[in-house]
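A quick write-up on the structure given underneath.
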Amino acid sequence: MRVVLVTGAGTGFGRLTAEALAARGHHVWAGVRDVGGRNEKAAAELRSAGVTVVELDVLDQASADAAVAAVVDAEGRLDAVINNAGRMFAGPVESFTAAEIQTILDVNVLGPARVARAALPVLRGQGHGVLIQNGSLAGWVSMPYTGLYSASKAAVKALVEAWHHELAPFGVESVTVDAASYPTNIGANAGSPTDLDRLAPYGANFTGFLSDVTARATSTEPGDPREVADVFVRLVEMPDGTRPRRTIVAPVSEHDAVTAATTAADSATESVATGMGVRAHLV
């Protein structure tokens, strides 16, 4: 049995993962924002599935600190943190103001950093534990109208890599799950830029993109999002020291192409590191 904190557990991958872990007998704490307000129904449903709900807003360091403290006070330990909370933002890059870009990074980059900052003293003190980041293939490949989302995921990818090396001496693992696009509510709830003048020139191209995203979010294609939740469960249950640094999850129809692309990217990165003489410092 593992003690697990899952952020952004009200919907999507987080909700599926929290429920799947609880069904397998783990003590799961679901970090949910605004438990007494708009997420009250989701919180009640999680509790009925055997999940403990804790208020957690990744935009607030005090909230992250309090959530981790609540888990440790009740359980005496914390074995795994699944950093799942995040938002999709869609639009031409130039149409986002600097303030909107700051919001994107606050949610998708500083959010996981805040949760890690709250949890790491506990994990280091125990001498074991794992940070599992919900990454994305968007962190590897930037597509039209999702450039800022990709930038945020690329930034998180860099943090996960740094944590992997920095935390290893303390017995703490840092790993990521990079998923392809699956039908969840993240696309349907995507944030958009407010500068309509800058958005207007992109016209039908951007409108068509949003229509495709919404259709994909409500479709049964290309795959079942439970495939991603199953990977999170597997990583939680693996013995310490055996978890792969990165796990790719993609529908069967896309898996071979996705794996080939990311393998090539890994190879290129290792070649650069070796050429710069830094590989010896990264083991």
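Our numbering puts the first residue of the sequence shown at 1, with every later residue one more than the last. The beta carbon of each residue, even a glycine, is placed where N, CA and C say it ideally should be. Since we're looking at a predicted model, the values are computed, not measured.
(message) Can you tell me where the alpha helix (DSSP H) holding Leu-5 begins and where it ends?
(response) Taking the first residue of the sequence shown as position 1, residue 5 is located at position 5. It is not in any alpha helix (DSSP H) - Leu-5 instead sits in the beta strand (DSSP E) that spans 3-6.
(request) Check the C-beta distance from Val-28 over to Val-4 and give it rounded, since I have them as a contact under 8 angstroms. (result) Locating residue 28 in the sequence shown gives position 28, where the first residue counts as 1. Locating residue 4 in the sequence shown gives position 4, where the first residue counts as 1. Confirmed, about 5 angstroms.
(message) Could you tell me the alpha carbon to alpha carbon distance between Val-236 and Ala-200, rounded to whole angstroms?
(response) As a first step, residue 236 must be located in the sequence shown, where it is residue number 236. As a first step, residue 200 must be located in the sequence shown, where it is residue number 200. Cα to Cα, the separation comes out at about 45 angstroms.
(message) According to DSSP, is Ser-174 part of a helix, a strand, or is it coil?
(response) Stepping through the sequence shown from its first residue, residue 174 is reached at position 174. In the structure shown, Ser-174 sits in a strand (DSSP, three-state: E or B).
(request) Report the rounded CA-to-CA distance for Glu-173 versus Ala-204, giving the unit in angstroms. (result) Taking the first residue of the sequence shown as 1, we reach residue 173 at position 173. Taking the first residue of the sequence shown as 1, we reach residue 204 at position 204. Cα atoms of Glu-173 and Ala-204: separation of roughly 45 angstroms, rounded to the nearest angstrom.
(request) Determine the direct distance from the alpha carbon of Gly-125 to that of Thr-7, and round the result to whole angstroms. (result) The sequence position of residue 7 within the sequence shown is 7, counting from 1. The sequence position of residue 125 within the sequence shown is 125, counting from 1. Thr-7 and Gly-125 have their C-alpha atoms spaced approximately 22 angstroms apart.
(message) Among Ala-151, Glu-166, Asp-240, whose alpha-carbon lies nearest the alpha-carbon of Asp-106?
(response) Numbered from 1 along the sequence shown, position 106 holds the residue referred to as residue 106. Across the set Ala-151, Glu-166, Asp-240, the C-alpha of Ala-151 shows the shortest separation from the C-alpha of Asp-106.
(message) Just to confirm my understanding: we take Gly-10, look at its own chain, exclude 5 residues before and 5 after, and list those with CB closer than 6 angstroms. What are they?
(response) Mapped onto the sequence shown, residue 10 falls at position 10. Cβ neighbours of Gly-10 within its own chain (closer than 6 angstroms, five residues either side excluded): Val-32, Asn-39, Ala-42.
(message) Check this for me: beta carbons of Val-130 and Val-93, under 8 angstroms apart or not?
(response) Mapped onto the sequence shown, residue 130 falls at position 130. Mapped onto the sequence shown, residue 93 falls at position 93. No, Cβ-Cβ distance for Val-130 and Val-93 is not below 8 angstroms.
(message) Whole angstroms are fine: how far does the CA of Tyr-149 sit from the CA of His-104?
(response) For the purposes of this step, residue 104 is taken as residue 104 along the sequence shown, with counting starting at 1. For the purposes of this step, residue 149 is taken as residue 149 along the sequence shown, with counting starting at 1. The sequence shown places Ile at residue 104, not His. Ile-104 and Tyr-149: Cα-Cα distance of roughly 7 angstroms.
(request) Quick one: give me the first and last residue of the alpha helix (DSSP H) that Glu-161 is part of. (result) For this step, residue 161 is matched to residue 161 along the sequence shown. It spans 147-167 - the alpha helix (DSSP H) in which Glu-161 sits, taken as one unbroken run.
(message) Could you tell me the alpha carbon to alpha carbon distance between Pro-112 and Leu-56, rounded to whole angstroms?
(response) If you number the sequence shown from 1, residue 112 lands on position 112. If you number the sequence shown from 1, residue 56 lands on position 56. It is roughly 12 angstroms from the alpha-carbon of Pro-112 to the alpha-carbon of Leu-56.
(message) On the DSSP bridge list, what partners appear for Gln-133?
(response) On the sequence shown, position 133 is the one that residue 133 refers to. Note: Gln-133 sits in a beta bridge opposite Asn-83, Thr-176.
(message) Which residue wins for smallest C-alpha separation from Leu-167, given the options His-26, Arg-245, Asn-108, Val-53?
(response) Within the sequence shown, numbered from 1, the residue matching residue 167 stands at position 167. Considering only alpha carbons, the answer is Arg-245.
(request) Within its chain, find whatever has a CB closer than 7 angstroms to the CB of Leu-16; leave out the 5 residues flanking it on each side and keep chain order. (result) Within the sequence shown, the letter at position 16 stands for residue 16. The residues Pro-225, Arg-226, Ala-229, in chain order, have a CB closer than 7 angstroms to that of Leu-16 in the same chain once the five nearest residues on each side in sequence are set aside.
(request) Could you pull the start and end residues of the alpha helix (DSSP H) that Gly-111 belongs to? (result) For this step, residue 111 is matched to residue 111 along the sequence shown. Gly-111 -> alpha helix (DSSP H) spans 111-126.
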